[in-house]
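Residue numbers (our numbering): 21 to 98.
Report on the following structure.
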């Protein structure tokens, strides 16, 4: 059996197991899809928000250091 055939069998077995667990818990497909999307959305939002805030704070620090360097160099030249 080829590698892709084995992967396909594993994926089908995983889907079958997931559907059996869903039947036991009384869940439907869209409920599971909603939960998975929610689980993926939460880290994505945190990554994007924290990443942009980190970039913002880095730029503020960079600007402050640049202003300090310019101010210091203008005082030295006097």
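Glycine included, C-beta positions come from ideal geometry on N, C-alpha and C.
Because the structure is a prediction, the values reported are computed rather than measured.
- In this structure residue 52 touches residue 42 by the C-beta definition: roughly 6 Å separates them, less than 8 Å.
- Under the DSSP assignment, residue 73 falls in the alpha helix (DSSP H) whose first and last residues are 49–96.
- If you look at residue 25, you'll find it in the alpha helix (DSSP H) that goes 23–45.
- Between residue 92 and residue 66, the alpha-carbon positions lie close to 38 Å from each other.
- If you draw a straight line from the Cα of residue 44 to the Cα of residue 25, it comes to about 29 Å.
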